[in-house]
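Below: one structure, written as structure tokens.
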Amino acid sequence: MTIRLYWEDPYLTQFNCTVVEVCLIDQQPVAVLDQTAFYPTSGGQPFDTGHLGTARVLNVEEDASGKIMHFLDAQLATGPASGRVDWVRRFDHMQQHTGQHILSQAFVQVAQAPTLSFHMGRETSTIDLNLSHPSEELMEQVEALAASVVFEDRPVRVHNVRPEDLEALGVRKRSEREGTIRVIDVEGFDRSPCGGTHVRGSGEIGMIAILGYERYKGGTRVEFVCGGRALKTLRKDHDALKRLGKLYSASMYELPDLAEKFFQDRSDLVKQNARLQGEMLEFEARDLWREGVRLGGFVLVRATFSGRGLETVKLLAQKIVAQGEAVAILGLLEKTAQAVVARSTGIPGDCGAIVKDVTVKRGGKGGGRPDLAQAGGIPADNLEAWLTDVERHFGK
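Residue numbering for the sequence shown follows my numbering, beginning at 2 and increasing consecutively.
Shown next, in the form of structure tokens:
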């Protein structure tokens with residue numbers, strides 16, 4: 002079993018070791034050491050990276066026997082070696098993980114909502130909570146409590162205890178591990194079994210910021226950042242707001258009201274545009290009906306368009322047949338063609354059945370109601386023949 006130096010000192014970044022085993026796993030060189038400062042992916046915390054001798058450490062995993070495997074970009078020989086952990090990545094993970102402990106305890110104290118799982122991503126982290134009714138007010142209370150623990154710079158200590166002593170220690174969650182259990186103690190606030198790397202004092206976290214939350218599998222998923230990630234997020238958000246402020250010639254604090262007004266104005270314009278389009282389609286439908294071919298007791302209107310949406314063409318067809326007894330056979334020509342067929346209620350014929358029949362012969366796919374049907378995927382060079390076949394059905 003590999004000795005875990007990161008448990009003894011999470012701030013250790015350079016160490017000497019012996020490569021005791023080398024192999025290839027899926028064609029990638031792997032080294033096993035007698036002792037290591039590289040943390041393997043575990044408990045929601047990703048692996049460390051760095052160098053082992055001249056090789057780059059790309060991934061670190063622990064197998065079922067407790068052997069820690071270092072996946073490298075080059076093969077090493079067995080024997081003495083030295084390792085160097087990427088400190089920027091390690092400290093980032095320490096900030097996120099200790100911050101998660103504080104945030105999870107804050108949710109317990111404020112909302113009696115235990116953490117069910119934790120995931121540390123590349124840019125943000127998430128915790129899944131047994132919380133059915135999240136709210137902005139609750140998030141603010143939790144965030145404020147977590148911030149106070151950070152500002153107080155409470156010591157973070159490690160206790161190694163027997164399983165039977167966990168309950169007396171007052172841990173936030175139980176552990177299923179056997180043997181000595183490692184407990185992370187944020188003084189006077191949280192105690193939790195954990196094998197991850199953590200800061201020495203809560204002040205080193207700097208900041209814990211909740212970015213958002215969503216309902217997830219009957220509970221709540223909370224997205225957050227700590228430390229350097231929180232600062233990076235603050236800068237990015239602040240820069241985005243400043244840019245928006247310049248576009249609106251306003252301060253960033255005026256943006257919510259301006260955005261609300263913008264969307265209200267946009268909604269009004271959309272409604273006005275829809276009304277005007279409806280009026281224009283009404284005039285167009287009237288003209289097309291007047292220019293249509295009289296066949297016995299109804300008017301047949303046939304036309305082909307391009308650059309118009311199918312929904313617009315469908316609405317036009319409905320307005321045409323509303324002018325009087327009529328059949329509207331309208332094509333829409335783009336890369337592939339579409340068509341709409343509509344009839345007034347007093348005219349015999351099943352538009353849906355006719356469309357299905359013609360698509361079998363001319364291509365495409367479609368169907369619909371007896372009074373309104375549509376087809377799509379018609380080969381563009383078949384559109385006029387397709388419309389002619391439909392016209393013949395009504396001209397019988």
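Beta carbons are placed, not taken as given, at the ideal position from N, Cα and C, and that holds for glycine.
Quantities reported herein were computed from a predicted structural model and do not represent experimental measurements.
Selected residue, minimal CA-CA separation from residue i, among the options
i	options	result
residue 346	362, 319, 227, 71	319
residue 122	371, 220, 48	48
residue 328	360, 317, 352, 301	301
residue 284	348, 317, 271	317
residue 66	13, 106, 2, 297	2
residue 197	120, 365, 293	120
Coil, strand or helix - residue i by DSSP
i	result
residue 355	helix
residue 348	coil
residue 134	coil
residue 172	coil
residue 126	strand
residue 186	strand
residue 68	coil
residue 268	helix
residue 303	strand
residue 197	coil
Pairwise C-alpha distance: residue j and residue i
i	j	result
residue 280	residue 312	15 Å
residue 82	residue 76	13 Å
residue 192	residue 74	38 Å
residue 360	residue 333	15 Å
residue 194	residue 183	6 Å
residue 61	residue 87	13 Å
residue 201	residue 156	6 Å
residue 172	residue 90	28 Å
residue 103	residue 309	57 Å
residue 128	residue 114	11 Å
residue 144	residue 14	32 Å
residue 260	residue 208	29 Å
Start-to-end residues for the beta strand (DSSP E) that takes in residue i
i	result
residue 15	15-26
residue 318	No beta strand (DSSP E) holds residue 318; the alpha helix (DSSP H) holding it covers 311-322.
residue 77	Counting along the chain, residue 77 falls outside any beta strand (DSSP E), and DSSP gives it neither H nor E.
residue 116	116-121
Own chain, CB closer than 7 Å to residue i, minus 5 neighbours either side, in chain order
i	result
residue 256	242, 245, 246, 249
Enclosing alpha helix (DSSP H) for residue i [first to last residue]
i	result
residue 95	88-112
residue 247	228-249
Contacts around residue i, its chain only, beta-carbon distance under 8 Å, and the 5 residues preceding and following it disregarded
i	result
residue 290	300, 302, 321, 324, 325, 327
Residue i CB to nearest heavy atom of the ligand GDP below 6 Å
i	result
residue 31	The ligand GDP is not among the ligands present in this structure, which contains no ligands whatsoever.
Residues near residue i by beta carbon distance below 6 Å, same chain, minus five either side
i	result
residue 22	33
residue 107	143, 146, 147
residue 378	337, 365, 366
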